[in-house]
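Written out below as structure tokens is the structure these notes cover.
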Amino acid sequence: MTPELWVMADVHGALAKLRVLLRGAGLTDDGDGWTGERAHLVFLGDYLDRGPDGLGVVRLIRRLEGEARAAGGRVTALLGNHEVMFLGAQRFAGEAADPSGLREYWLTNGGQPQDAAGLEPADLAWLSARPALARAGRWLLLHADSSLYLHLGRSVDAVNTHVARLLQSRSPEVWGQFASAFADRLAFAERGGEQAARRLLAAFGGERLAHGHTPIPLLLGGDDGAPGGEGTPQGPVVYAGHLCVALDGALAYRRNAGFITRLSDRGVAEVVAYADAAAHS
Numbered sequence: 002m003t004p005e006l007w008v009m010a011d012v013h014g015a016l017a018k019l020r021v022l023l024r025g026a027g028l029t030d031d032g033d034g035w036t037g038e039r040a041h042l043v044f045l046g047d048y049l050d051r052g053p054d055g056l057g058v059v060r061l062i063r064r065l066e067g068e069a070r071a072a073g074g075r076v077t078a079l080l081g082n083h084e085v086m087f088l089g090a091q092r093f094a095g096e097a098a099d100p101s102g103l104r105e106y107w108l109t110n111g112g113q114p115q116d117a118a119g120l121e122p123a124d125l126a127w128l129s130a131r132p133a134l135a136r137a138g139r140w141l142l143l144h145a146d147s148s149l150y151l152h153l154g155r156s157v158d159a160v161n162t163h164v165a166r167l168l169q170s171r172s173p174e175v176w177g178q179f180a181s182a183f184a185d186r187l188a189f190a191e192r193g194g195e196q197a198a199r200r201l202l203a204a205f206g207g208e209r210l211a212h213g214h215t216p217i218p219l220l221l222g223g224d225d226g227a228p229g230g231e232g233t234p235q236g237p238v239v240y241a242g243h244l245c246v247a248l249d250g251a252l253a254y255r256r257n258a259g260f261i262t263r264l265s266d267r268g269v270a271e272v273v274a275y276a277d278a279a280a281h282s
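Going by the working numbering, the sequence shown opens with residue 2, and the numbers climb by one from there.
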């Protein structure tokens, strides 16, 4: 029997809400211990910034990786563009003039100084080792709805190797260019989006792709998911000829927003919405 595949996008420091969702999906218990048995849980990046406890999110995921492995399950955590901003800001933090501009870029995009203040070497090493792409059955899993990945390699392994080298660079220009390119979005929603999605799938494998990065309200042509905007996403959006599933539910932006999704070979199999999970917790 194929293990269940659960996918969580863009936590952005919303640790308390993440804990509720993981319990609602049956993946953890009241003490945040792994109960997912053989399930595969994938995080699509952006653990940090905007919300109050990005470092707590990172440490929970790190712990669940080991617990899931011991139980025969698996946790995969991908790199998001906010991790790139955060890592770049830390790498050049000792340079008073900040020639990279990355610290200001990070702070402007929701950087939380308390995350940096509490950072330990093990956290930094883990963040720096995040892969950019993953495959799970028929699914290609990635953070951004962007064609950026095609410029980084022509296979999953090649992209991940290239990104690992970028994250070891000592050049502020390299970091700045990568962070800027990684912010690109909406490649599959614009005109020609279905073809763009097909190009990624042809290069990296899989029959459909799942991404975060772009809050669903923005994908649907509205606001960016910020507090006070219209509508609260309660589930993913399938689009681009049913090739793409958007999973950024604006978890950190609105009080009752956010969800975790189970994917199957046929598509979206189950959705646990934060509002429902919180009501039963």
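Yeah, the Cβ is synthetic: ideal placement off N, Cα and C, and Gly gets one too.
On a predicted model such as this, the values are computed, not experimentally measured, just so you know.
| Asked | Found |
| --- | --- |
| Assuming THR262 and VAL8 make a contact with CB atoms under 8 Å, what is their CB distance in whole Å? | 5 Å |
| Considering only the beta carbon of each residue, do GLY46 and LEU79 sit closer than 8 Å? | yes |
| Determine the DSSP secondary structure at PHE87, reduced to helix, strand or coil. | helix |
| To the nearest angstrom, report how far apart ARG171 and TYR48 are at their CA atoms. | 24 Å |
| Please report the straight-line C-alpha distance between ALA15 and GLU84, rounded to a whole angstrom. | 15 Å |
| Helix, strand or coil for LEU49, going by three-state DSSP, please let me know. | coil |
| Compute the Euclidean distance between the alpha carbons of GLU174 and VAL160, then round it to the nearest angstrom. | 20 Å |
| Looking only at C-alpha atoms, which of ALA188, ALA197, ALA182, ASP146 sits nearest to ASP249? | ASP146 |
| Rounded C-beta distance between LEU120 and LEU56? I'm assuming under 8 Å. | 7 Å |
| By the DSSP assignment, the alpha helix (DSSP H) with TRP176 in it spans what residues? | 173-183 |
| With a CB to CB cut of under 6 Å and the five nearest residues on each side skipped, what residues in its chain are close to GLY229? | Because GLY229 sits at a pLDDT of 48, beneath the cut-off of 50, its placement in the model cannot be relied upon, and the following sentence gives the value as read from the coordinates. Contacts found: none. |
| Going along the chain, which residues of its own chain have a beta-carbon closer than 6 Å to the beta-carbon of ALA10, five neighbours each way excluded? | LEU45, GLY213, LEU248, ASP249 |
| What is the rounded straight-line gap between the Cα of ALA198 and the Cα of ALA258? | 27 Å |
| Please report the residue range of the alpha helix (DSSP H) in which ARG287 lies. | Because the chain in this structure spans residues 2 to 282, residue 287 falls outside the shown range and cannot be described. |
| Just list the residues that DSSP pairs MET9 with in beta bridges. | PHE44 |
| Which of the three DSSP states, helix, strand or coil, is assigned to PHE205? | helix |
| State the start and end residues of the unbroken beta strand (DSSP E) segment that holds GLY119. | Taken as a continuous stretch (DSSP letters only), GLY119 belongs to no beta strand (DSSP E), as it is neither H nor E. |
| Span of the alpha helix (DSSP H) holding GLY34? | No alpha helix (DSSP H) contains GLY34, which DSSP labels as neither H nor E. |
| Please report the distance separating the alpha-carbon of ASP185 from that of ASP158. | 22 Å |
| Check this for me: beta carbons of VAL273 and ALA26, under 8 Å apart or not? | yes |
| Below 8 Å on the Cβ atoms is my contact criterion, and I expect LEU201 with LEU210 to pass it. Report the Cβ-Cβ distance as a whole number of Å. | 6 Å |
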